[in-house]
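Peer 1: If you read the sequence shown in the working numbering, its first letter stands for residue 432, the second for the next number, and so on. Here a beta-carbon is modelled for each residue, glycine too, at the ideal position from N, C-alpha and C. Sending over a structure as structure tokens; questions will come in a sec.
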Amino acid sequence: MFIFLQAHLTESKTAPMLSEFNPFKLSAMIFVSSLKICLYSQTSHITTDDPDQNVTKLKFEVIRVVKPGIFDLQTNDYVVRMRIWGTSFPQRGQPGYEEAISFCETNLLSTSPLIEVVRTFDENNLKVVKLRLQAGGKDFTTESIGNGIGWHNEKETGRFGPLILAQLKAKRGNLGIWQSGFNYNADPIKLQTPQPSLPGAFMRKNQLLPQISYWVTSFGKIHRPGCSFYERGRGTLMAKPSGTDCRICGGRKGKR
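What follows is the structure, encoded as structure tokens:
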């Protein structure tokens, strides 16, 4: 403002007549100059938040797909293991597993997706996230369910509407996993391959050993299985009989 006044006084000295000086015009010019100075002082403190002007840029990249729906994200300092929210995938050995792992690798590996954390950690110590692909901005959960790669995890989402519609579309189109008719929600323990147990006396501690049933006649004669008098006439089957052994089969002692 001081420079402006000094310049104005210099011009007024060179003017042919002092009587031409207009005080109202001078006041208006001083007001405009003051306004410009105030605006400049305010805008000089505003900084831009444009990420392109940041010196250090944060780079997130998917470096590994562990299994369908679970991946490792490389940040500047750490590798974070994450799980896709709202969808379940076939396990190894189940129908559709190869298609699911291929779908995840194709869409996630070496990409920098947009991530929103839903749960910090789940029961398996995995960070649960919503993931949106940068190519087309599509939601990964909706895409995987809609193409029959996985199915809607209703317990986790609380029956989220868009995911229900995506699953209905996949079922009607008989896409992906809906072609196999496999029961993915069955108890995995019941589906495990049974493990054979080795024979031995220690495995039969609580089991009854097989015993011979002897035929004891009403006269007290004891016959063993294979004897011509076994179960002939009146008598009773006994495991520990008492009486006289048969001379033909040997009874309890057998033939010698």
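Excluding the 5 residues flanking residue 609 on each side, which residues of the same chain have their C-beta closer than 8 Å to its C-beta?
Peer 2: The residue labelled residue 609 in the question sits at position 178 within the sequence shown. If we look at residue 609 and ignore the five residues flanking it on each side, its Cβ neighbours are 579, 601 and 602.
Peer 1: Take residue 581 as the anchor and find which of 686, 666 and 535 has the nearest alpha-carbon.
Peer 2: Locating residue 581 in the sequence shown gives position 150, counting from the first residue. The residue with the shortest Cα to Cα distance from residue 581 is 535.
Peer 1: Would you kindly check if the distance between the Cβ of residue 505 and the Cβ of residue 542 is under 9 Å?
Peer 2: To locate residue 542, count along the sequence shown from 1; it is residue 111. To locate residue 505, count along the sequence shown from 1; it is residue 74. Not in contact: residue 542 and residue 505 (Cβ atoms no closer than 9 Å).
Peer 1: Could you give the DSSP three-state label for residue 509: helix, strand or coil?
Peer 2: Within the sequence shown, residue 509 is the residue found at index 78, counting from 1. Coil, per DSSP.
Peer 1: Hey, out of 512, 680, 686 and 522, whose CA is closest to residue 613's CA?
Peer 2: Position 182 of the sequence shown holds residue 613. Ranking the options by Cα distance to residue 613, first place goes to 522.
Peer 1: Starting from residue 588, trace the alpha helix (DSSP H) both ways and give me its first and last residue.
Peer 2: Sequence index remark: in the sequence shown, residue 588 carries index 157 (1-based). Here the alpha helix (DSSP H) through residue 588 covers 585-588.
Peer 1: Within 10 angstroms of the Cβ of residue 493, are there 16 or more other Cβ atoms? Answer buried if so, exposed if not.
Peer 2: Stepping through the sequence shown from its first residue, residue 493 is reached at position 62. Residue 493 comes out buried.
Peer 1: Thinking C-beta only, is residue 561 closer than 9 Å to residue 516?
Peer 2: By 1-based counting over the sequence shown, the position of residue 516 is 85. By 1-based counting over the sequence shown, the position of residue 561 is 130. Yes; because the gap between Cβ atoms is below 9 Å, this pair is in contact.
Peer 1: Which one of 663, 509, 659 and 686 has the shortest CA to CA distance from residue 650?
Peer 2: As a first step, residue 650 must be located in the sequence shown, where it is residue number 219. The residue with the shortest Cα to Cα distance from residue 650 is 663.
Peer 1: Considering residue 652, what are the terminal residues of the beta strand (DSSP E) in which it resides?
Peer 2: Here residue 652 refers to the residue found at position 221 of the sequence shown. First-last of the beta strand (DSSP E) with residue 652: 652-654.
Peer 1: Is residue 527 closer than 9 Å to residue 611 when the C-beta atoms are compared?
Peer 2: The sequence position of residue 611 within the sequence shown is 180, counting from 1. The sequence position of residue 527 within the sequence shown is 96, counting from 1. Contact flag set, yes.
Peer 1: In the DSSP output, which residue or residues are listed as bridge partners for residue 547?
Peer 2: Looking up residue 547 in the sequence shown gives position 116. DSSP lists 561 as partners of residue 547.
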